[in-house]
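For the sequence shown, numbering that gives the first Met the number 0 gives the first residue as 0, with consecutive numbering after it.
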Amino acid sequence: MPVLTYLNFDGNCREVLDFYKSVFGGEYMIMQTFGDGPDDMGIAESDKNKIMHATLVVGDGVIMGSDVPAGFGPPRVQGNNFSLTFPTQSKEETDELFAKMSEGGTVTMPLAEMFWGAYFGACTDKFGINWQFNYEIAQE
């Protein structure tokens, strides 16, 4: 599986990804707003039109992104606004890799089954690099 890049934005994710699409072409696989998520997410009304998750397929690659409302991770700073994402093949592999990558670092979102149908977690490794691990439960 390839390691993928996930970009975080401060409210302009749609604009940025639309620009990348105009440059490279491609198609959106997913474009979800925070308003599309469950009611118990605690999202302010002013943030419901921001992008929760977008996936733009460009050639053989993928560019993923989201906006980061206050309280959903550390404040976005140019330079820390990305994560490397590793799509895993099982919950067991996800648990193993996540434990190794987060050792000496910080767990920013513990592994859990998510409403979008994945087993997902995020951490910052001991070198300050942000990682996401994602297992699509639908594969089972």
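Note that the Cβ used here is the ideal one computed from N, Cα and C, for glycine as well.
Given the structure is predicted, the values throughout are model-derived calculations rather than measurements.
Provide the residue(s) that pair with residue i in DSSP beta bridges, ordered along the chain.
{"i": "F85", "result": "F132"}
{"i": "T32", "result": "I50"}
{"i": "D66", "result": "F8"}
{"i": "M108", "result": "A121"}
{"i": "T22", "result": "According to the sequence provided, residue 22 is Val. The question's Thr does not apply to it. None, per the DSSP bridge assignment."}
{"i": "G60", "result": "V57"}
Going by other Cβ atoms of all chains shown within 10 Å of its Cβ, with 16 needed for buried, is residue i buried or exposed?
{"i": "F21", "result": "For clarity, residue 21 is Ser in the given sequence; the question names Phe instead. Counting Cβ neighbours within 10 Å, S21 comes out exposed, since fewer than 16 surround it."}
{"i": "P109", "result": "exposed"}
{"i": "A98", "result": "exposed"}
{"i": "T84", "result": "buried"}
{"i": "F18", "result": "exposed"}
{"i": "T105", "result": "exposed"}
{"i": "A121", "result": "buried"}
Mind checking whether residue i and residue j have CB atoms under 9 angstroms apart?
{"i": "M30", "j": "T4", "result": "no"}
{"i": "D66", "j": "F119", "result": "no"}
{"i": "T87", "j": "N133", "result": "yes"}
{"i": "V15", "j": "G64", "result": "yes"}
{"i": "V56", "j": "G25", "result": "yes"}
{"i": "M51", "j": "D39", "result": "no"}
{"i": "E135", "j": "A117", "result": "yes"}
{"i": "T93", "j": "T107", "result": "no"}
{"i": "L6", "j": "N80", "result": "yes"}
Could you say which of the options lies nearest to residue i if we only look at CA atoms?
{"i": "M28", "options": "G60, V67, F126, S89", "result": "G60"}
{"i": "P37", "options": "N129, M113, A137", "result": "M113"}
{"i": "F71", "options": "E92, F33, Q88", "result": "F33"}
{"i": "F126", "options": "S82, A111, E95", "result": "S82"}
{"i": "K49", "options": "G41, R13, F23", "result": "R13"}
{"i": "A69", "options": "I42, E95, M100, K90", "result": "I42"}
{"i": "W115", "options": "D46, A137, E44", "result": "A137"}
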